[in-house]
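*Asks:*
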Amino acid sequence: MKLNYQAKGWLVLLFTFSIFIVRADTWTDPDTGYTWTYSSYGKAAQIYGGYKSAAISPKPTDVVTIPATLGGKPVTSIGDYAFFGCSGLTSVTIPDSVTSIGANAFSGCSGLTSVTIPDSVTSIGFGAFYGCSGLTSVTIGNSVAKIIECNPYTGAYDTAFGGCAQLAFFSVDPANAAYKSQNGLLLSSDGKTLVCGVNGDVTIPDSVTSIGEGAFSGCSGLASVTIPDSVTSIGGTAFNGCSGLTSVTIPDSVTSIGGSAFRGCSGLTSVTIPDGVTSIGGSAFGGCSGLTSVTIPDSVTS
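Right under this line is the structure:
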């Protein structure tokens with residue numbers, strides 16, 4: 262019997278999924294009473310949760326230390342949704358065994374005020390700390406090489422630290438080769454891309470040439486921002502939901518403004534777009550209910 266390409270594709274998928282089917286195990290810490298859900302992958306263990314259930318039960322109301330080993334294996338991954346919606350979590354200690362933090366791992370942990378990413382972690386998933394409204398500071402270790410900002414399933418910019426309305430400061434280990442901190446902001450190592458912004462009164466360094474997608478998304482506490490003449494592009498959703506922003510000066514150096522860049526900036530009353538801008542993305546100023554005037558130059562072609 263010959264299989265067509267579609268049938269072969271389904272067999273490949275079924276085989277692939279069968280490889281990754283693992284048994285969920287639990288362990289109850291006799292000292293804290295918390296029960297952890299985890300799975301074993303080869304020589305390592307991963308804690309994980311779901312959209313409606315966290316990896317830890319009952320949901321924590323204070324300080325939590327993630328176990329370094331479960332089932333006799335090192336915990337190397339904080340899986341997707343591991344602490345999703347754990348609003349009572351006030352502090353978390355991540356062991357040095359962990360190398361990755363999954364998507365939405367701490368999303369909605371509104372009681373979390375600060376977080377330290379250890380040197381062992383190399384990647385942080387999209388939306389990992391999204392909506393941590395009480396988070397004020399983040400310390401990033403020397404090995405983080407990738408912070409995933411875009412949800413591959415929806416294409417939306419579910420930024421790792423988006424919606425953190427009180428986030429005021431990033432600190433990055435000087436030995437980190439991918440990122441650095443300046444003026445409390447998270448920048449690429451060469452200083453050219455603003456990766457994640459903060460709240461308050463912000464001055465973007467002169468080294469920055471692009472404000473990344475979703476950089477200030479959900480920073481409702483952003484009161485003012487000074488954009489230097491070095492900036493040539495403002496990425497999609499860069500200032501999405503910055504409702505506290507009342508005015509913004511876009512320098513002449515900017516040539517493009519991405520889609521939904523200022524969407525939901527309800528405090529903006531007027532915007533002047535400089536002569537250098539040639540493109541303005543869809544819904545760039547959508548939901549700007551306070552906007553009464555916009556000046557668009559002849560240079561804009563789309």
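Residue numbering for the sequence shown follows the numbering used here, beginning at 262 and increasing consecutively. No residue lacks a Cβ here, since even glycine has one placed at the ideal position from N, Cα and C.
Can you grab the Cα-Cα spacing for the pair I488 / A438, in whole Å?
*Replies:* Taking the straight line joining both Cα atoms gives about 25 Å.
*Asks:* Skipping 5 residues on each side, what residues in its chain have a beta carbon closer than 7 Å to that of A293?
*Replies:* The sequence given here places Thr at residue 293; Ala does not occur at that position. So no residue of the chain qualifies.
*Asks:* When you compare only the Cα positions, how much space is there between S471 and E410?
*Replies:* Approximately 15 Å between the Cα atoms of the pair.
*Asks:* Suppose you measure from the CA of I408 to the CA of K304; what does that come to, to the nearest Å?
*Replies:* One C-alpha to the other measures close to 25 Å.
*Asks:* Please state the DSSP three-state secondary structure of V283.
*Replies:* Unreliable placement is indicated for V283, whose pLDDT of 49 sits below 50; no coordinate value is reported for it.
*Asks:* State the Cα-Cα distance for the pair S349 and G392, rounded to the nearest angstrom.
*Replies:* According to the sequence displayed, residue 349 carries Gly and not Ser. Spanning the two alpha carbons is a distance of roughly 14 Å.
*Asks:* Going by beta carbon distance, what residues of the same chain come within less than 6 Å of V433, once the five residues before and after it are set aside?
*Replies:* Only I401, Y440, K441, S442 meet the Cβ criterion.
*Asks:* DSSP on P356, reduced to helix/strand/coil?
*Replies:* Looking at P356 - three-state DSSP - the assignment turns out to be coil, as it is neither helix nor strand.
*Asks:* Give every residue of the same chain whose Cβ lies closer than 7 Å to the Cβ of G395, excluding the five residues on either side of it in the sequence, and list them in chain order.
*Replies:* Cβ neighbours of G395 beyond the five flanking positions: S371, G372, L373, T374, Q427.
*Asks:* Considering L455, what are the terminal residues of the beta strand (DSSP E) in which it resides?
*Replies:* Its beta strand (DSSP E) spans residues 454 to 457.
*Asks:* Suppose contacts are defined by Cβ-Cβ distances below 8 Å. Is L566 in contact with F431 by that definition?
*Replies:* This structure leaves residue 566 out entirely; the chain is present only between 262 and 563.
*Asks:* Helix, strand or coil for S404, going by three-state DSSP, please let me know.
*Replies:* Looking at S404 - three-state DSSP - the assignment turns out to be coil, as it is neither helix nor strand.
*Asks:* What does the alpha-carbon distance come out to for the pair G333 and T351?
*Replies:* Their backbone Cα atoms lie some 28 Å apart in a straight line.
*Asks:* Helix, strand or coil, according to DSSP, for F422 in the structure here?
*Replies:* Correct three-state label for F422: coil.
*Asks:* Quick check on this structure: which residue in T507, F477, S485 has the alpha carbon closest to the alpha carbon of G497?
*Replies:* Measuring from the Cα of G497, the nearest candidate turns out to be F477.
*Asks:* Are S398 and A364 close, meaning C-beta to C-beta below 8 Å?
*Replies:* Going by C-beta atoms, S398 is not nearer than 8 Å to A364.
*Asks:* With a 10 Å radius around its C-beta and 16 neighbouring C-beta atoms as the bar for buried, classify P435 as buried or exposed.
*Replies:* It counts as exposed.
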